[in-house]
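Input: a single structure, listed below in structure tokens.
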Amino acid sequence: MSISILGVGSALPKRVLTNDDLSRMVDTSDEWIRTRTGISERHIMMEESVTSMALDAARLAMEDAGVTADEIDFVLCPTLGGDYLTPSLACMVQAGIGAECPAMDMNAACSGFIYSLHIASALLGTGAYRRILVVSSEGLSRFTDWNDRGTAVLFGDGAGAAVLGPGDDLKYMYLSAHGNEVPLHAVFTQGIFPERQPGLPEPDGMFFRMDGQEVYKFAVNAITTGITTALDTCGLKPDDVGHVFLHQANMRIIDAARKKLDIPQERYAINIDKVGNISAATIPVLLHWWHRDGLLKKGEILVLSGFGGGFTTGTCVVRWNR
Amino acid sequence: MTTIEKIEQIIGEYKEIEPGSLKAETTFEELELDSLDLVDMAMACEDTFGKTVEVDENLKTVGDLAKILDAA
Chain A
1 MSISILGVGS ALPKRVLTND DLSRMVDTSD EWIRTRTGIS ERHIMMEESV
51 TSMALDAARL AMEDAGVTAD EIDFVLCPTL GGDYLTPSLA CMVQAGIGAE
101 CPAMDMNAAC SGFIYSLHIA SALLGTGAYR RILVVSSEGL SRFTDWNDRG
151 TAVLFGDGAG AAVLGPGDDL KYMYLSAHGN EVPLHAVFTQ GIFPERQPGL
201 PEPDGMFFRM DGQEVYKFAV NAITTGITTA LDTCGLKPDD VGHVFLHQAN
251 MRIIDAARKK LDIPQERYAI NIDKVGNISA ATIPVLLHWW HRDGLLKKGE
301 ILVLSGFGGG FTTGTCVVRW NR
Chain B
323 MTTIEKIEQI IGEYKEIEPG SLKAETTFEE LELDSLDLVD MAMACEDTFG
373 KTVEVDENLK TVGDLAKILD AA
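Residue numbers (the working numbering), protein chains in the order written: chain A, 1 to 322; chain B, 323 to 394.
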């Protein structure tokens, strides 16, 4: 079974945090952030929640696909975490849109949306479901150490969604995991029992901790190898690719990957300057923006490639059929 | 072509440098390479020389890099 993307949507919080705003919070500057990351601003949740952004994105995607809540028969949310440890974000979305169907979250960090396309394809293949709502909503400002100038500049909040149905548009899918907590992690521990053994992960505010150089190296290799293999396997030439949607973690990663691949530069969809890294929401937000602005042609070949904490990676080739 | 000349060629893709100006004692700090430039340069060296280059506190000068790349 394969899938067809029937509709896409996205939502960002209203508050825009510029590099100048950040330079008043930590020792940094607009110039430093732009030259090292390519980011100019990011959106941060104020009155919004992970659930409210997810619902806004989901409703737009459903409207775009022309489906109603009673037609959605599975809700899948790739996310680092919703507003609650439990219930899942997916359950909040299911209730919020008024669907009556199973719902679950899935964590593959920034590769989550691509992982979800694969899971959705398998679910559709069972024949039990016809319309799957995938919503990536990320509130990364909650996991950001706002005193750490190395990571505070990188992340933002936002949500992207897609409605998927049966079809034959997914042409290639490759997922991988390379478990290693050292280069990138956030400890998932708040309370601690007094007699707990030492040496286990200590509470750390659940903040992102990252070795930027390691992530950079991994990411550039993952994208270039992933996309080269995808094109070879599908018998596609670089010029056959309509658009490339890369995970937006750092402009320097995107530039290094672009240099190694022969796909024309202008075919890369880029919004990191406006939103920073929004983890699993990155790719569906980009898809929605490019679709909304009429930049995608029916039938064109899209390459999606992401990498993230885990490390995880995902690369897929999809025909845009809208 | 010497190892240092090859390194010069690789760094030349990121920074404008006078040909022949790179010396073993030239530091990456002098060349104004930031941490991600260093990783990128290390990756390019790995591709060219087939050696693993760790970017750590021991990698300060062009000579340090040449020594890694020349090691058997």
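Virtual Cβ for every residue (Gly too), placed ideally from N, Cα, C. If you're wondering where the values come from, they're calculated on a predicted model, not measured in any experiment.
**Study point:** Ranges of the alpha helix (DSSP H) found wholly within the segment 202-289 of chain A, counting only runs of at least 4
**Key:** 212-234, 251-260, 272-275
**Study point:** Against chain A: residues of the segment 345-375 of chain B by CB proximity under 9 angstroms
**Key:** D356, S357, L358, D359, L360, V361, D362, A364, M365
Exercise for review: State yes or no: is the C-beta of A:T151 within less than 8 angstroms of the C-beta of A:F208?
Suggested key: Against the first sequence, residue 151 of chain A aligns to sequence position 151. Against the first sequence, residue 208 of chain A aligns to sequence position 208. Yes. Within cutoff.
**Study point:** Short-range partners of chain B found in the segment 127-160 of chain A, where Cβ spacing is below 7 angstroms
**Key:** For the segment 127-160 of chain A, which is checked against every Cβ of chain B, not one residue is closer than 7 angstroms.
Practice item. Could you tell me the distance, in whole angstroms, from the CA atom of A:T35 to the CA atom of A:L154? Key: As a position in the first sequence, residue 35 of chain A is number 35, starting the count at 1. As a position in the first sequence, residue 154 of chain A is number 154, starting the count at 1. A:L154 has its alpha-carbon roughly 12 angstroms from the corresponding atom of A:T35.
Review point. Just reading off the beta strand (DSSP E) that A:H43 is part of, what are its end residues?
Key: What you label residue 43 of chain A is simply residue 43 of the first sequence in a count that begins at 1. Here the beta strand (DSSP E) through A:H43 covers 41-44.
Check your understanding: In three-state DSSP terms, what is A:R15?
Key -> Locating residue 15 of chain A in the first sequence gives position 15, where the first residue counts as 1. Strand at A:R15.
Practice item. Evaluate A:Q197 with the Cβ neighbour count: other Cβ atoms within 10 Å of its Cβ, from every protein chain shown; 16 or more gives buried, anything less gives exposed. Key: By 1-based counting over the first sequence, the position of residue 197 of chain A is 197. Its Cβ having fewer than 16 others within 10 Å, A:Q197 is exposed.
Review point. Comparing the C-beta of B:G384 with each C-beta of chain A, is any distance below 8 angstroms?
Key: Reading the second sequence from its first residue, position 62 is the one you call residue 384 of chain B. Looking at the sequence itself, residue 384 of chain B is Val, so the reference to Gly does not match. Not an interface residue.
Check your understanding: With a CB to CB cut of under 6 angstroms and the five nearest residues on each side skipped, what residues in its chain are close to A:M46?
Key -> Here residue 46 of chain A corresponds to residue number 46 of the first sequence, with the count starting at 1. Closer than 6 angstroms at the Cβ level, and outside the excluded window around A:M46, lie R15.
Point to revise | CB contact check: A:R252 to chain B, cutoff 8 angstroms | key: Residue mapping note: residue 252 of chain A aligns to position 252 of the first sequence, counting from 1. Answer yes: the Cβ-Cβ gap between A:R252 and chain B drops below 8 angstroms somewhere.
Practice item. Taking only beta carbons into account, state which residues of the segment 236-249 of chain A come closer than 8 angstroms to chain B, listed in chain order. Key: none
Point to revise | Simplified DSSP state of B:E330, which is helix, strand or coil | key: As a position in the second sequence, residue 330 of chain B is number 8, starting the count at 1. B:E330 falls in the helix class under three-state DSSP.
Exercise for review: For A:S136, write down the residues that DSSP places opposite it in a beta bridge.
Suggested key: The count along the first sequence starts at 1 and reaches residue 136 of chain A at position 136. Paired residue(s): A:G160.
Exercise for review: List the residues of chain B that A:G212 touches, going by C-beta distances under 9 angstroms, in chain order.
Suggested key: Residue mapping note: residue 212 of chain A aligns to position 212 of the first sequence, counting from 1. Correct list: S357, L358, V361.
Point to revise | Buried or exposed by the 16-neighbour rule on C-beta atoms within 10 Å, applied to A:I192 | key: For the purposes of this step, residue 192 of chain A is taken as residue 192 along the first sequence, with counting starting at 1. It counts as exposed.
Check your understanding: Does the beta carbon of A:Y268 sit closer than 8 angstroms to a beta carbon anywhere in chain B?
Key -> For this step, residue 268 of chain A is matched to residue 268 along the first sequence. Not an interface residue.
Practice item. Scan the segment 27-39 of chain A for residues whose Cβ lies nearer than 7 angstroms to a Cβ of chain B and list them as they occur along the chain. Key: R36
Exercise for review: Flag A:V220 as yes if its beta-carbon sits less than 8 angstroms from any beta-carbon of chain B, otherwise no.
Suggested key: Position 220 of the first sequence, counted from the first residue, corresponds to residue 220 of chain A. Yes, its Cβ sits closer than 8 angstroms to a Cβ of chain B.
Practice item. Kindly list, in the order they appear in chain B, the residues whose Cβ is closer than 9 angstroms to that of A:K217. Key: Sequence index remark: in the first sequence, residue 217 of chain A carries index 217 (1-based). Residues of chain B with a Cβ closer than 9 angstroms to the Cβ of A:K217 are, in chain order, V361, D362, A364, M365, V377.
Point to revise | Residue burial classification, A:L295 (beta-carbon count within 10 angstroms, cutoff 16) | key: The residue given as residue 295 of chain A occupies position 295 in the first sequence. A:L295 should be labelled exposed.
**Study point:** Start and end residues, beta strand (DSSP E) containing A:M308
**Key:** The residue given as residue 308 of chain A occupies position 308 in the first sequence. The sequence as given places Gly at residue 308 of chain A; Met does not occur at that position. Element bounds for A:G308: 301-308.
Review point. How would you write the range of the beta strand (DSSP E) that A:T37 sits in, first residue to last?
Key: Locating residue 37 of chain A in the first sequence gives position 37, counting from the first residue. Looking at the DSSP string, A:T37 is not in any beta strand (DSSP E); the run it does join, the alpha helix (DSSP H), is 30-37.
Review point. Expressed to the nearest angstrom, what Euclidean distance is found between the alpha-carbon atoms of B:A393 and A:G160?
Key: Along the second sequence, one-based indexing puts residue 393 of chain B at 71. Along the first sequence, one-based indexing puts residue 160 of chain A at 160. Approximately 49 angstroms between the Cα atoms of the pair.
Exercise for review: Can you grab the Cα-Cα spacing for the pair A:I278 / A:D157, in whole Å?
Suggested key: Counting from one through the first sequence, the residue named residue 278 of chain A turns up at place 278. Counting from one through the first sequence, the residue named residue 157 of chain A turns up at place 157. For A:I278 and A:D157, the distance between alpha carbons rounds to 6 angstroms.
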